[in-house]
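Residue numbers (full-length UniProt numbering), protein chains in the order written: chain A, 1 to 280; chain B, 1 to 280; chain C, 1 to 280.
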């Protein structure tokens, strides 16, 4: 039987089952706000997280990892050095890696660090519309500078950032995922949309970072980076919308999302995934 | 209609509604224990948190922020440098800022850092009795050295620290909030008390830090720093006591507090706030 | 009445009640993933946590603390310096301390740091089988190098690591606790086993770190380090298995474990503890 088309519920379910079967080691260099919730999300979905950021250690761990996740949310000077070592090691070892450019475009230091590590060929980039537009602009990949974001909030919608995302994908070779009410994922030629999720998710810190980490787990078990990113957006969005059915507020939602990531199965994915290729 | 008197339920409800309407950007330089729970509390109540501490970045973010929260709970040498840059930038840009002097008086390094940044004119200071008494003593603002605290626990009650708090407020120009079973808030001449809260809250880490962060959000939307601090003590205390009605233990309490911060409304505040000016 | 034998339910209950009566100050130098959950676990069981890692501050806090917990999970260069200062101070002041050698044997930097601090006479060491086998091998305490672990996962069972654990205990004078489906605890001559716990606990990040922190609290109130470690394994394991009865997934489990640590009492311990000396 041939595999399902990449942007279908069946393909998402296959990815989920591969994560569960392989428990890929996902190395995270991430921020102090989400280190706990990201590790828990990766464990809940069936991956094996490692949070390691000493400069000497990242070079040693990256080649052992099935994927690397780089998140600049609470960047420091030593962490920037560790990121440079890690992404360089990933390029050499062929470990797929994904960048989360938190608040890039607002703060110069992290903008420079994010731009620099693009030279190490990330397999994917996930951010909100403001972040992706800013990174595309910094990379010289067309488009105007976006309206400046405000911290980690985006002032633009995901669809608005699609031209910038396509340009950034073409310039870097990475798949680019733009989160929003409807997520847009592109590798340049192709575009897919994911419409899972719930508005209350914006009141829980770091669910974007969690989406990026889950995309790392999906990259670890699949060769099509764009499919991996789209599947990750379904998995976190679906966990969020199922959790929102029972959560009276964002505290409960954060907890229930971990429960749902753990309990998600083929049937739930087949029933609720809203993923589709976007006709050009 | 004239605005309600500052230390009334109606004034607290107005502050809450202003936060929800404006979603102020609250910049936090905080500790690794509470980064997640503080960000979630700010999101739950309707603010927009940013946790940023690279020295170069704080100078850039502070002028964009509606308030700055400085917490020395897990202070490091680079963080101390970032704090100095941030509070200096806050003074220059007029961004209101609040200090949480965690364990000041117990540990010399953080005591020195906290004392130094008082020169940058914090709008408010929130701590427990031991911390406030120690900081007042360090500042030369009268009073004996307090009985040494033990880590983050206070060995004294809030009322006992009121003279030190008044002196510290007069010496620095900041409003000073002392947390306890009954919180005492003063700007020197005025004193208000808040009697919301629940004893189980002392078994959840970082709820004092959360109170400080929420005070940052209140400072961002109000001109009267003392009213802002008092309103914040009501909001977190009220969330805690409503949460304690349904929480069988401190794990559930931490989650339910976030839900309650999200669900608090004018009616709940009008019904349950216990805030009053203290007659001299 | 003479005290109960060390590896009995009654002795565990006594330790729990001593923690509640004394609220020992437990100083943690730990990782960014578990700082919040560890502090909350210590508060829930009745101890008083302090997370402090500035190099100058650790030297000042260690002599005031009733126990020190050292965890190398997200080790950095400055943290390694702070650990060296802290363990040295603990040796001088007689503060009992415990090492959690997270991922030692996989990453050279932390392996060296963990090995170095053994010179400061830890009272206890807690890890999984891979970590304990690796540390014993590094210490030259007999045994072959273990099959390399993979991040924080152990590829071996606790019983398999018992010979290495005994050698490590004899070489260092520390009690060594090996976590697994059945925990094995040894001081060299003696061995005890603890069979509390639940498989879903492996899907929550940092429960091993929490076990180590609770062992710190137990060390703070008891003279028999091996009994302290065994009692801690019962307390966290029992909280986990009671929590698993009501938790539909790992998010809920993390929350319910804190509730259960808070609610554990003599009766629950007497009824459910599964602790026993292992006959030689």
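Note that beta-carbon positions come from the ideal geometry of N, C-alpha and C, so glycine has one too.
Check your understanding: Taking 8 angstroms as the CB-CB cut-off, is residue 261 of chain C touching chain A?
Key -> One-based indexing of the third chain puts residue 261 of chain C at position 261. Output row for residue 261 of chain C: interface = no.
Point to revise | Closest residue to residue 275 of chain A among A:249, A:203, A:89, A:235 (Cα-Cα distance) | key: Taking the first chain and counting its residues from 1, the one referred to as residue 275 of chain A is at position 275. Nearest of A:249, A:203, A:89, A:235 to residue 275 of chain A, Cα basis: A:235.
Point to revise | residue 68 of chain B: first and last residue of the uninterrupted alpha helix (DSSP H) it sits in | key: Within the second chain, residue 68 of chain B is the residue found at index 68, counting from 1. Careful: residue 68 of chain B lies outside any alpha helix (DSSP H), inside the beta strand (DSSP E) at 67-71.
Review point. Which word fits residue 199 of chain C, buried or exposed, when buried means at least 16 other C-beta atoms lie within 10 angstroms of its C-beta?
Key: By one-based count along the third chain, residue 199 of chain C stands at place 199. Residue 199 of chain C is exposed by the Cβ-count criterion.
Review point. The alpha helix (DSSP H) spanning residue 113 of chain A covers which residue range?
Key: Reading the first chain from its first residue, position 113 is the one you call residue 113 of chain A. Per DSSP, residue 113 of chain A belongs to the alpha helix (DSSP H) from 108-117.
Check your understanding: So which residues of chain A does residue 250 of chain C contact, with C-beta pairs closer than 9 angstroms?
Key -> The residue given as residue 250 of chain C occupies position 250 in the third chain. In chain order: 40, 43, 44, 258, 259, 261, 262.
Exercise for review: Tell me, please, which residues DSSP counts as bridged to residue 179 of chain A.
Suggested key: Reading the first chain from its first residue, position 179 is the one you call residue 179 of chain A. DSSP, once it has assigned bridges, lists A:128 as partnering residue 179 of chain A.
Check your understanding: Are the beta-carbon atoms of residue 303 of chain C and residue 69 of chain C separated by less than 8 angstroms?
Key -> Because chain C spans 1 through 280 in this model, residue 303 of chain C falls outside it and cannot be assessed.
Check your understanding: Within this structure, are the beta carbons of residue 49 of chain B and residue 39 of chain B separated by less than 8 angstroms?
Key -> By 1-based counting over the second chain, the position of residue 49 of chain B is 49. By 1-based counting over the second chain, the position of residue 39 of chain B is 39. With a cutoff of 8 angstroms on beta-carbon distance, residue 49 of chain B and residue 39 of chain B are scored as near each other.
Check your understanding: For residue 101 of chain B, which option in B:89, B:90, B:117 has the closest C-alpha, if you only look at C-alpha atoms?
Key -> Translated into the one-based positions of the second chain, residue 101 of chain B becomes position 101. For residue 101 of chain B, the nearest C-alpha among the options comes from B:117.
Check your understanding: On the three-pair Cβ rule with 8 angstroms, is the segment 170-178 of chain A touching the segment 119-128 of chain A?
Key -> yes
Check your understanding: Sorted by chain position, which residues of the same chain lie with C-beta nearer than 7 angstroms to residue 91 of chain B's C-beta, five sequence neighbours on each side aside?
Key -> Position 91 of the second chain, counting from 1, holds the residue named residue 91 of chain B. Result list for residue 91 of chain B: 120, 121, in chain order.
Exercise for review: Run the proximity test for residue 265 of chain A: is its beta-carbon closer than 7 angstroms to any non-hydrogen atom belonging to the ligand PLP?
Suggested key: Ligands are entirely absent from the displayed structure, and the ligand PLP is therefore not among its contents.
**Study point:** Neighbourhood of residue 62 of chain A by C-beta distance below 7 angstroms, restricted to the same chain and skipping five residues each side
**Key:** What you label residue 62 of chain A is simply residue 62 of the first chain in a count that begins at 1. Counting only Cβ-Cβ distances below 7 angstroms, and skipping sequence neighbours, we find 27, 68, 86, 89, 90, 93, 95.
Practice item. Please check the pair residue 248 of chain B and residue 44 of chain C, which I expect to be a contact at CB under 8 angstroms, by giving their CB distance rounded to whole angstroms. Key: Position 248 of the second chain, counted from the start, is the residue given in the question as residue 248 of chain B. Position 44 of the third chain, counted from the start, is the residue given in the question as residue 44 of chain C. That belief does not hold up - the Cβ atoms of residue 248 of chain B and residue 44 of chain C are roughly 12 angstroms apart, past 8 angstroms.
Review point. Would DSSP call residue 26 of chain B helix, strand or coil?
Key: Taking the first residue of the second chain as 1, we reach residue 26 of chain B at position 26. Three-state result, residue 26 of chain B: strand.
Check your understanding: With contact counted as at least three CB pairs below 8 angstroms, one residue from each stretch, are the segment 13-30 of chain C and the segment 71-87 of chain B in contact?
Key -> no
Check your understanding: So residue 7 of chain C and residue 54 of chain A are in contact, right, with Cβ under 8 angstroms, and what is the actual spacing, rounded?
Key -> Locating residue 7 of chain C in the third chain gives position 7, counting from the first residue. Locating residue 54 of chain A in the first chain gives position 54, counting from the first residue. With 8 angstroms as the limit, residue 7 of chain C and residue 54 of chain A do not qualify as a contact, their Cβ atoms being about 38 angstroms apart.
Review point. Nearest CA to the CA of residue 205 of chain A: which residue from A:35, A:157, A:183?
Key: As a position in the first chain, residue 205 of chain A is number 205, starting the count at 1. Nearest C-alpha to residue 205 of chain A: A:35.
Check your understanding: For residue 271 of chain C, is the classification buried or exposed, using 16 other Cβ atoms within 10 angstroms of its Cβ as the cut-off for buried?
Key -> Numbered from 1 along the third chain, position 271 holds the residue referred to as residue 271 of chain C. Counting other Cβ atoms within 10 Å of its Cβ, residue 271 of chain C stays below 16 and is therefore classed as exposed.
**Study point:** Alpha-carbon to alpha-carbon, residue 257 of chain A and residue 264 of chain C
**Key:** Here residue 264 of chain C corresponds to residue number 264 of the third chain, with the count starting at 1. Here residue 257 of chain A corresponds to residue number 257 of the first chain, with the count starting at 1. Roughly 27 angstroms separates the two Cα atoms.
Point to revise | Same chain, Cβ closer than 8 angstroms to residue 268 of chain A, neighbours up to 5 away in sequence not counted | key: Against the first chain, residue 268 of chain A aligns to sequence position 268. The beta carbon of residue 268 of chain A sits closer than 8 angstroms to the beta carbons of 238, 242 from its chain, once the five residues preceding and following it are set aside; these are given in chain order.
**Study point:** N-terminal and C-terminal residue of the alpha helix (DSSP H) that residue 75 of chain A is part of
**Key:** Start at 1 with the first residue of the first chain, and residue 75 of chain A comes out as number 75. Note, residue 75 of chain A: premise wrong, no alpha helix (DSSP H); not H, not E.
Exercise for review: Determine the burial state of residue 130 of chain B: buried for a count of at least 16 other Cβ atoms within 10 Å of its Cβ, exposed for fewer.
Suggested key: On the second chain, residue 130 of chain B is found 130 positions in, with the first residue counted as 1. Flag for residue 130 of chain B reads buried.
Check your understanding: What runs of the beta strand (DSSP E), each 3 residues or longer, lie entirely inside the segment 36-63 of chain C?
Key -> 48-51
Check your understanding: What residues in its chain sit with their C-beta under 7 angstroms from that of residue 83 of chain B, if we drop five residues either side in the sequence?
Key -> Residue 83 of chain B sits at position 83 when you count from the first residue of the second chain. The residues are 29, 70, 113, 117.
Practice item. Tell me where the alpha helix (DSSP H) around residue 234 of chain A begins and ends. Key: What you label residue 234 of chain A is simply residue 234 of the first chain in a count that begins at 1. If you look at residue 234 of chain A, you'll find it in the alpha helix (DSSP H) that goes 225-244.
Check your understanding: Does DSSP classify residue 32 of chain C as helix, strand or coil?
Key -> As a first step, residue 32 of chain C must be located in the third chain, where it is residue number 32. Coil at residue 32 of chain C, not helix or strand.
Point to revise | residue 8 of chain C, DSSP secondary structure in three states | key: Stepping through the third chain from its first residue, residue 8 of chain C is reached at position 8. In the structure shown, residue 8 of chain C sits in coil (DSSP, three-state: anything other than H, G, I, E or B).
Review point. Taking 8 angstroms as the CB-CB limit, is residue 267 of chain A close to chain B?
Key: The count along the first chain starts at 1 and reaches residue 267 of chain A at position 267. No, because no Cβ of chain B sits closer than 8 angstroms to the Cβ of residue 267 of chain A.
Exercise for review: State yes or no: is the beta carbon of residue 32 of chain C nearer than 8 angstroms to at least one beta carbon in chain B?
Suggested key: Your numbering for residue 32 of chain C matches position 32 in the third chain. So, interface residue.
Review point. Just curious, the alpha helix (DSSP H) that residue 100 of chain B is in, first and last residue?
Key: For the purposes of this step, residue 100 of chain B is taken as the residue at position 100 of the second chain. No alpha helix (DSSP H) contains residue 100 of chain B, which is instead part of the beta strand (DSSP E) from 97-100.
Review point. Three-state secondary structure (DSSP) at residue 192 of chain C?
Key: Walking along the third chain from the start, residue 192 of chain C turns up at place 192. The three-state reading of DSSP puts residue 192 of chain C in strand, counting E and B together.
Check your understanding: Taking the continuous beta strand (DSSP E) assigned at residue 277 of chain C, which residues delimit it?
Key -> Translated into positions along the third chain, residue 277 of chain C becomes position 277. Segment 275-277, the beta strand (DSSP E) holding residue 277 of chain C.
Practice item. With DSSP as the reference, please indicate the residues paired to residue 186 of chain A in a beta bridge. Key: The residue you call residue 186 of chain A lines up with position 186 of the first chain. Residue 186 of chain A is bridged to A:176, A:191.
Check your understanding: Going by Cα to Cα distance, which pick from A:164, A:191, A:159, A:25 is closest to residue 181 of chain A?
Key -> Counted from its first residue, the first chain places residue 181 of chain A at position 181. Considering only alpha carbons, the answer is A:159.
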